[in-house]
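There are 2 protein chains.
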Amino acid sequence: MTGIRPGSVTLKDLAAELGLHPSTVSRILHGKAETARGAAAPVTAQRVRDLAKKVGYSPDPQATSLRTRRTHLLGVIVPRLSDLVLAVMYEGIDEAADDANYSTFVMTSRDDTSIQRRKMEIMLSRRVDGLIIGDAHLDGNILDELTERKVPFVLMNRAIAGFASATCDDTLGGALVAQHLWDQGHRDVSIIAGEPYASTAVDRTQGFVSRFRTLGGTIPESAIVWSRFDTTGGHTAADSILRDTHRRPSAIFAVNDFAAIGAMGAANSHGLHVGSDLAIVGFNDTSLAAQLPIALSSVRSPMLDIGRVAVKLLLDVLNEDAVESVKLLPVLCVRDSSDFTWAAR
Amino acid sequence: MTGIRPGSVTLKDLAAELGLHPSTVSRILHGKAETARGAAAPVTAQRVRDLAKKVGYSPDPQATSLRTRRTHLLGVIVPRLSDLVLAVMYEGIDEAADDANYSTFVMTSRDDTSIQRRKMEIMLSRRVDGLIIGDAHLDGNILDELTERKVPFVLMNRAIAGFASATCDDTLGGALVAQHLWDQGHRDVSIIAGEPYASTAVDRTQGFVSRFRTLGGTIPESAIVWSRFDTTGGHTAADSILRDTHRRPSAIFAVNDFAAIGAMGAANSHGLHVGSDLAIVGFNDTSLAAQLPIALSSVRSPMLDIGRVAVKLLLDVLNEDAVESVKLLPVLCVRDSSDFTWAAR
DNA sequence: GTTCACTACCCAATCGTTTGGGTAGTGAGG
DNA sequence: CCTCACTACCCAAACGATTGGGTAGTGAAC
């Protein structure tokens with residue numbers, strides 16, 4: 001690293017220094033093995049590589065992609081990075097992209113479809129090679145448009161039928177919780193279901209409901225409360241559930257840890273002790289769950305891997321390989337917030 | 001938006017369509033008012049703009065920056081995005097950058113100086129216009145190197161003497177907590193101090209200690225425990241504090257909300273009720289603090305603004321304006337975890 | 001002593017913009 | 001009529017890399 005700043009030295013400089021033509025230097029430094037072989041004598045090649053390293057040559061990505069029409073840039077769009085779940089997935093993306101020599105742009109949409117559109121256009125105008133979409137809405141009309149415009153993309157976290165995606169098996173995750181709560185003796189349960197436009201919310205809820213019914217339980221429609229994914233959303237939802245005097249559930253399944261934490265707060269203010277008076281189970285097993293004053297049961301979803309897989313899928317799309325959606329397996333982690341046999345009461 | 005994909009139509013296409021020269025079109029579309037005036041007749045200018053809009057022309061950023069040597073790209077480096085504090089700051093950056101027509105690259109370093117170096121090189125090789133550094137270590141030797149290489153950069157969140165930074169007034173924040181705990185009657189306090197290489201940790205601790213001593217209190221060295229910034233770090237630190245039978249504090253100040261949450265977990269397992277047996281105060285007032293089963297007192301730091309200010313500072317540096325570090329004001333939010341007058345016991 | 005196949009290179013166009021420097025044409029002033 | 005200052009443009013050379021297509025030179029085979 002002798003160059004004051006990368007970019008100070010160009011291919012032409014190297015060529016001039018060595019008395020070669022820039023094209024020759026280019027082939028040596030960036031060509032595939034075969035091209036490089038044909039391009040220069042081994043000694044010359046070595047001289048070039050040595051000098052390049054010595055002066056800290058690094059190719060100008062702008063120039064390269066102007067010519068090649070490839071930016072080695074991936075666009076990532078998520079609702080928000082202040083949602084730990086998405087942040088962790090993004091860390092997975094970042095790692096995988098880095099390994100594959102790509103860089104990523106990440107933008108946030110706050111789950112607002114017009115912002116979503118705008119940010120996507122920004123990314124496309126930056127000429128990203130492809131898009132990882134982490135904020136897909138179930139009425140995915142933007143996606144059809146992208147397909148038509150031949151923009152390479154894959155979905156992450158949320159799935160939409162007909163598009164390649166990297167997700168957790170949310171239906172199974174919901175089912176695991178239903179089974180657990182049923183086994184613990186809970187017969188009256190409510191669900192804090194999340195946003196109805198997100199497949200994560202819908203699938204987890206649906207997985208829960210269908211398993212619970214299969215086991216012989218009943219879940220009235222009124223027991224399913226849609227909500228935001230954050231703590232205040234969970235608080236509000238739980239509050240409305242607990243205020244209903246007709247039917248007070250013995251357990252609540254929140255499709256997201258933060259909503260679950262909000263629900264814990266609400267339970268508290270209703271004078272209920274989480275764990276003994278009311279069971280609560282979350283989803284994602286974020287790093288907080290186990291550390292809470294009352295440890296939260298949660299379904300662990302492989303967030304980091306979801307991000308990594310999303311990159312892999314997108315790279316496959318870019319290589320025009322066939323791609324299949326990937327559903328990663330969730331694991332239930334039972335903790336104090338739901339580890340209490342209700343039947344024993 | 002008629003173009004199938006942005007990038008399909010070029011300046012040359014527009015020019016050909018209108019029977020003009022590309023340079024004329026360029027001046028009309030991208031020139032400053034004065035240049036544009038001299039470049040074309042108002043009618044022509046309007047024709048050009050109309051066509052550009054109609055066919056959805058968007059300039060190729062690669063070509064532009066190849067020529068101008070400006071990428072309109074800002075590099076951001078933070079320890080991790082899965083730390084809510086940094087994630088929120090990044091959202092502030094993203095907003096401000098967007099407003100100023102810049103895009104951002106964000107990379108994570110896990111506070112590892114060698115990764116830090118590597119990621120910075122990646123960003124520089126991408127030719128970012130400047131860097132926002134959110135993971136500065138107090139022994140900031142990388143920074144001297146960057147200065148020497150004439151890389152424009154500013155610091156965020158963590159400050160280092162001699163470099164422009166956007167931070168919270170951490171010393172004051174610490175002092176606020178000291179005052180509060182003292183007023184509540186606490187005389188035996190411990191500090192979960194965070195990582196010693198981070199100015200946030202050091203300044204908050206120092207601000208606390210010096211105010212507490214000014215008030216007449218004593219804080220032995222052994223009452224200050226350095227730790228990681230996350231929940232497990234806080235748990236471990238609190239555990240070691242509470243296990244000490246010689247001296248059990250009535251209050252703990254954790255310089256970070258997550259560490260505070262970990263400390264709550266530890267208090268729990270020691271059979272202490274947070275709020276009445278032990279006061280705990282965190283820092284940053286993340287969105288979780290108020291929602292926890294026992295609401296956490298915390299110092300609110302303007303995280304979003306810190307991000308926004310960082311962008312502003314960096315843009316100033318890029319414009320070669322003089323820049324001054326900015327310290328934003330923290331506000332103490334008292335909640336159940338410390339709202340109990342000790343003196344009344 | 002041609003022809004042939006290599007080897008080890010060079011040449012020039014190209015990607016899409018920007019920008020310093022022209023230059024025809026027009027109308028006014030002297 | 002000539003000069004002068006505009007106006008409204010055009011021209012061409014960059015920026016740094018890539019890539020299809022050369023071409024001199026060498027050694028061997030026929």
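Chains A and B are the protein sequences, given in the same order. According to this note's numbering, the first sequence holds residues 1 to 345 in order. According to this note's numbering, the second sequence holds residues 1 to 345 in order. From the three backbone atoms N, C-alpha and C, an ideal C-beta is built for every residue, glycine too. Keep in mind it's a predicted model, so treat the numbers as computed, not measured.
For residue i, does the three-state DSSP call read helix, strand or coil?
i	result
L328 of chain B	strand
G271 of chain B	coil
R243 of chain B	helix
T71 of chain B	coil
G194 of chain B	strand
A322 of chain A	coil
V299 of chain B	strand
M1 of chain A	Caution is warranted here: a pLDDT of 45 is assigned to M1 of chain A, below 50, making its placement in the model unreliable, and the coordinate value is therefore given only provisionally. Residue state, collapsed to three classes: coil.
A100 of chain A	coil
G19 of chain B	coil
G360 of chain B	As shown, chain B starts at 1 and ends at 345. That puts residue 360 of chain B outside it, with no answer to give.
A41 of chain B	coil
G282 of chain A	strand
V334 of chain A	coil
V76 of chain B	strand
I311 of chain A	Reading the sequence as shown, one finds Val at residue 311 of chain A and not Ile. V311 of chain A: helix per DSSP, three-state reduction.
Among the options, which residue has its Cα nearest to the Cα of residue i?
i	options	result
Y57 of chain B	B:A266, B:H30, B:H270	B:H30
A193 of chain B	B:T214, B:G234, B:R126, B:F340	B:G234
R70 of chain B	B:L124, B:V85, B:T147	B:L124
S103 of chain B	B:D94, B:D60, B:S109	B:D94
R113 of chain B	B:V154, B:I142, B:D98	Just to set this straight, residue 113 of chain B is Thr in the shown sequence, not Arg. Here the closest residue by C-alpha is B:I142.
G282 of chain B	B:E324, B:V331, B:K53, B:T64	B:V331
H246 of chain A	A:A266, A:A223, A:M264	A:A223
S199 of chain B	B:A175, B:E221, B:D169	B:D169
C240 of chain B	B:T231, B:A266, B:A260	Before going on, a small fix: residue 240 of chain B reads as Ser here, not Cys. Nearest option by C-alpha distance: B:A266.
L14 of chain A	A:K32, A:A45, A:G38	A:A45
I122 of chain B	A:P6, A:S109, A:A166	A:P6
S337 of chain A	A:I280, A:V177, A:N256, A:D316	A:I280
L328 of chain B	B:M303, B:V43, B:L51	B:M303
T108 of chain B	A:Q116, A:T108, A:D98	A:D98
L73 of chain A	A:V309, A:P152, A:V274, A:E320	A:P152
H270 of chain A	A:A238, A:K119, A:V55	A:A238
L314 of chain B	B:L292, B:F340, B:L131	B:L131
T10 of chain B	B:G19, B:A52, B:R27	B:A52
T232 of chain A	A:T218, A:A259, A:G216, A:E221	A:A259
D316 of chain A	A:A100, A:T68, A:A87	A:A100
V106 of chain B	B:I115, B:Y90, B:R117	B:Y90
L296 of chain A	A:N319, A:F340, A:S82, A:P220	A:F340
V334 of chain B	B:T218, B:D244, B:A16, B:V299	B:V299
What residues from chain B crowd round residue i, counting only those whose CB sits closer than 7 Å?
i	result
R300 of chain A	Those do not exist, as R300 of chain A stays about 15 Å from chain B at its closest Cβ, beyond 7 Å.
V317 of chain A	Under the 7 Å cutoff, chain B gives no residues; its nearest Cβ is about 15 Å from V317 of chain A.
G265 of chain A	Q291, L292, P293
N268 of chain A	P293
Which chain B residues sit within Cβ distance under 9 Å of residue i?
i	result
L314 of chain A	By Cβ distance, chain B contributes nothing, its closest Cβ being about 17 Å from L314 of chain A, past 9 Å.
A63 of chain A	Q62, L66
V274 of chain A	P293
Who are the neighbours of residue i on chain A, taking C-beta pairs under 7 Å?
i	result
N256 of chain B	Ordered by position in chain A, no residue passes the 7 Å Cβ test against N256 of chain B, which lies about 13 Å from the chain.
V88 of chain B	S82
H235 of chain B	Q291
L29 of chain B	Those within 7 Å of L29 of chain B in chain A number zero; the least Cβ separation is about 14 Å.
For residue i, return the contacting residues in chain B, with the cut-off set at a CB-CB distance below 8 Å.
i	result
E91 of chain A	R80, L81, S82, T108
G134 of chain A	Ordered by position in chain B, no residue passes the 8 Å Cβ test against G134 of chain A, which lies about 13 Å from the chain.
R127 of chain A	P6, G7, D60, P61, Q62
For residue i, verify whether its CB is less than 8 Å away from any heavy atom of the ligand SAM.
i	result
H246 of chain A	This structure simply doesn't include the ligand SAM, nor any ligand for that matter.
For residue i, which residues in chain A fall below 8 Å Cβ to Cβ?
i	result
G217 of chain B	Correct list: empty, because the minimum Cβ distance to chain A is about 28 Å.
F105 of chain B	S103, T104, F105
D230 of chain B	S287
Could you tell me which chain A residues have their CB closer than 9 Å to the CB of residue i, listed as they occur along the chain?
i	result
M414 of chain B	Here chain B has residues from 1 to 345 only, and residue 414 of chain B is not among them.
A261 of chain B	One point to set straight first is that residue 261 of chain B is Ile, not Ala, in the sequence displayed. The answer, in chain order, is L288, Q291, L292, P293.
Would you check if the stretch 149-160 of chain A and the stretch 129-141 of chain A touch, i.e. whether three or more CB-CB distances between them fall below 8 Å?
-> yes
Touching or not, the stretch 169-188 of chain B and the stretch 204-215 of chain B, by the rule of three or more beta carbon pairs under 8 Å?
-> yes
Length at least 4, wholly inside the stretch 108-168 of chain A: the alpha helix (DSSP H) runs in chain order | 113-125, 141-148
Can we say the stretch 243-251 of chain B touches the stretch 188-202 of chain B, given the rule of at least three CB pairs closer than 8 Å?
-> yes
Enumerated in chain order, which unbroken segments of the alpha helix (DSSP H) with a length of 4 residues or greater are wholly contained in the stretch 179-232 of chain B?
-> 199-214
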